[in-house]
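Okay, structure first, notes after.
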């Protein structure tokens, strides 16, 4: 059964229409209040979203600055680590030279003992052997072997040891001379 507006209006009284109008006005006020509450809630949500957005932008800015600072420090650290790596390789290489030189089976000891061997050969009358040893030493020097840092360090220690042994020998001789006088 279809709803007949004209028929419905005719059958209703003026009082009923006023009541209906007041009910509709009350519902309209109620709907307007709900819309107002919803708008206020939406505005509060929008304001909270704006505040949150501003807070997030601030925090991300701070985080970005910290990341840039860390990135700079990482670059510096990377450079320091490269320097450390290069230096540790050099130290390791020098340590290898020293261990090799320290070994009694190293041919380096033969090279370092050339002057003493030449002296023994000359004292024993083996002049040709002493001359050969001298030539061998000159060849080593010409080929730059004596410029090796490890050999320079060992040569320095050898010279210091020779000076110290001469000092001790002179001290012993001086002590014995003093005792002979007394």
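Residue numbers (this note's numbering): 1 to 182.
Note that CB positions come from ideal geometry on N, CA and C, so glycine has one too.
In this text the structure is predicted, and so the values were computed from the model without any measurement.
Residue 137 and residue 114: beta carbons closer than 9 angstroms?
yes
Report the three-state DSSP secondary structure of residue 105 (helix, strand or coil).
coil
With 16 other CB atoms within 10 Å as the buried threshold, where does residue 77 fall?
exposed
Cβ-based burial, residue 81 [other Cβ within 10 Å; buried from 16]
exposed
Residue 133 burial status per 10 Å Cβ neighbour count (16 or more: buried):
buried
For the region 39-106, which segments carrying the beta strand (DSSP E) assignment without a break, of at least 3 residues, lie completely within its bounds, in sequence order?
none
Quick check: the Cα distance between residue 183 and residue 79, rounded to an integer number of angstroms?
Lying outside 1 to 182, the shown extent of the chain, residue 183 is not represented and no answer is given.
Would you mind stating whether residue 92 and residue 100 have Cβ atoms separated by less than 9 angstroms?
no
If you run the structure through DSSP and keep just helix, strand and coil, what is residue 13?
coil
Label residue 130 either buried or exposed according to how many other C-beta atoms from any shown protein chain fall within 10 Å of its C-beta, with 16 as the threshold for buried.
buried
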